[in-house]
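Report on the structure given below.
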Ligand code: CP3
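In my numbering, the protein residues as written are 10 to 368.
In structure tokens form, the structure reads like this:
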């Protein structure tokens, strides 16, 4: 047989056997896996150089840029997972909703959703518009070898906050007002967002992503009762629609994350996650009690700690590692995304320290 006809060599240990996937499933690991939310982005000079002159949402649809930007933090920090360079609003943008990401602000929606008619006018996401995404994921999986790629999507609630508020918000008052005043339209809106999130995730999983994370970043603004009744069923629908994953395999592990969700942690797990992401407010041993022994945890170093002196960083990393031992499995991460002003050298150091403490 000629070399050209040989199948691509399998990596010595495939991503499905990586520490990230094993920790997510609660299996023994070689050492605690580490990655960082927003590991790709403005903390890296090589990212700033590559992004110069390209709008965020254009960059997200260019498979060459997506591949290179996703790989940058893996090369630099030696993290245990890549996360696809994209954005939670991308499925809406691809479907035709007029959204821009304003630097330093976040997503801005040209015509916010304020009425029942606005909900019904939202365009659906056609899966065949996601060819660029499948291309980028396939290329990444080939480049990454044994390192798993995490695919992601925004959860229905967090996307609804951007659509209804028209941009970032602290109180999310318009969102809650709509949720209370128009419960049926609210349900329809979240149903539609669940379908588009599931389509976005399924494309990534089918193209080879080894895990997925559903970001419900702003769910922590809700009471447990409202979350359980008006939000959780829609997030569960996203996970349910993912089914059991690629043919012949167990489904890929699912990570479910939000900020300020301490009071919601058991519910965040109940939505169908293998791993519950925890912000810095609840120590991981307490989070493990709240979530129970059926799920792993991800987190939860305060991203602001990385701006402090080295002794403080080391002490806090050790604390998170120790408290994480109470969980069924622990994926080390920050409690939210890397702050743009973070020294990337500190991120590399944290990866090395977590590996050293746990191997
Ligand atoms: O984590 C990663 O490295 C993967 C890439 C990623 C981005 N956005 C890239 C990005 C992920 C996972 C997201 C998800 C995302 N986007 C969330 C959920 C995670 C979270 O932070 O809670 C949210 C809420 C958004 C919406 C959004 N997009 C915000 C709030 C911002 C920041 C705006 C700013 O300039 O401060 C964005 C833009 C964005 N998304 C950037 C990146 C790298 C910065 C764009 C730039 O380089 O100017």
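Glycine included, each C-beta is placed from N, C-alpha and C at the ideal position.
Sub-9 Å separation of residue i and residue j beta-carbons
i: residue 76; j: residue 92; result: no
i: residue 100; j: residue 209; result: yes
i: residue 336; j: residue 297; result: yes
i: residue 74; j: residue 103; result: no
i: residue 122; j: residue 173; result: yes
i: residue 356; j: residue 81; result: no
i: residue 291; j: residue 274; result: yes
i: residue 220; j: residue 263; result: yes
i: residue 50; j: residue 117; result: no
i: residue 58; j: residue 156; result: no
i: residue 240; j: residue 197; result: no
i: residue 202; j: residue 165; result: yes
i: residue 146; j: residue 218; result: yes
i: residue 338; j: residue 305; result: yes
i: residue 70; j: residue 161; result: no
i: residue 54; j: residue 144; result: no
Alpha-carbon spacing of residue i relative to residue j, whole angstroms
i: residue 315; j: residue 358; result: 10 Å
i: residue 181; j: residue 299; result: 26 Å
i: residue 185; j: residue 159; result: 31 Å
i: residue 142; j: residue 163; result: 15 Å
i: residue 236; j: residue 24; result: 34 Å
i: residue 246; j: residue 352; result: 39 Å
i: residue 35; j: residue 125; result: 43 Å
i: residue 362; j: residue 194; result: 49 Å
i: residue 95; j: residue 366; result: 32 Å
i: residue 348; j: residue 56; result: 14 Å
i: residue 293; j: residue 271; result: 11 Å
i: residue 136; j: residue 334; result: 41 Å
i: residue 199; j: residue 171; result: 12 Å
i: residue 350; j: residue 107; result: 29 Å
i: residue 319; j: residue 368; result: 21 Å
i: residue 60; j: residue 98; result: 18 Å
i: residue 329; j: residue 151; result: 33 Å
i: residue 231; j: residue 188; result: 11 Å
i: residue 26; j: residue 167; result: 32 Å
i: residue 22; j: residue 360; result: 20 Å
i: residue 37; j: residue 302; result: 15 Å
i: residue 190; j: residue 105; result: 27 Å
i: residue 33; j: residue 278; result: 13 Å
i: residue 119; j: residue 178; result: 15 Å
i: residue 28; j: residue 149; result: 19 Å
i: residue 354; j: residue 207; result: 36 Å
i: residue 169; j: residue 248; result: 18 Å
i: residue 39; j: residue 244; result: 32 Å
i: residue 13; j: residue 288; result: Note that residue 13 scores a pLDDT of 48, beneath 50, so its modelled location is shaky; the value from the coordinates is reported in the next line. Distance between the alpha carbons of residue 13 and residue 288 is about 48 Å.
i: residue 52; j: residue 153; result: 21 Å
i: residue 30; j: residue 286; result: 15 Å
i: residue 295; j: residue 327; result: 16 Å
Local conformation of residue i per DSSP, three classes
i: residue 97; result: coil
i: residue 103; result: helix
i: residue 307; result: strand
i: residue 162; result: strand
i: residue 373; result: Beyond the ends of the chain as shown, which are 10 and 368, falls residue 373; an answer cannot be given.
i: residue 297; result: helix
i: residue 220; result: strand
i: residue 229; result: helix
i: residue 343; result: strand
i: residue 91; result: strand
i: residue 266; result: strand
i: residue 122; result: coil
i: residue 115; result: strand
i: residue 354; result: helix
i: residue 109; result: strand
i: residue 240; result: coil
i: residue 150; result: helix
i: residue 287; result: coil
i: residue 261; result: coil
i: residue 197; result: helix
Checklist entry - Below 8 Å, can you find three or more Cβ-Cβ pairs linking the region 58-67 to the region 117-135? => result Too few Cβ pairs lie closer than 8 Å, so no.
Item to check | Inter-stretch contact at 8 Å, needing at least 3 Cβ pairs: the region 213-224 / the region 112-132 | outcome: Touching, no.
Next on the checklist: Does the structure place the region 81-97 close enough to the region 36-52 that three or more beta carbon pairs sit under 8 Å?
Outcome noted: Touching, per the Cβ criterion.
Checklist entry - Is the region 265-280 touching the region 226-241, taking contact as three or more C-beta pairs under 8 Å? => result yes
Checklist entry - If you pair each beta-carbon of the region 338-352 with each one of the region 304-313, do three or more pairs fall below 8 Å? => result yes
Next on the checklist: Does the contact criterion of 3 or more C-beta pairs under 8 Å hold for the region 277-284 versus the region 318-333?
Outcome noted: no
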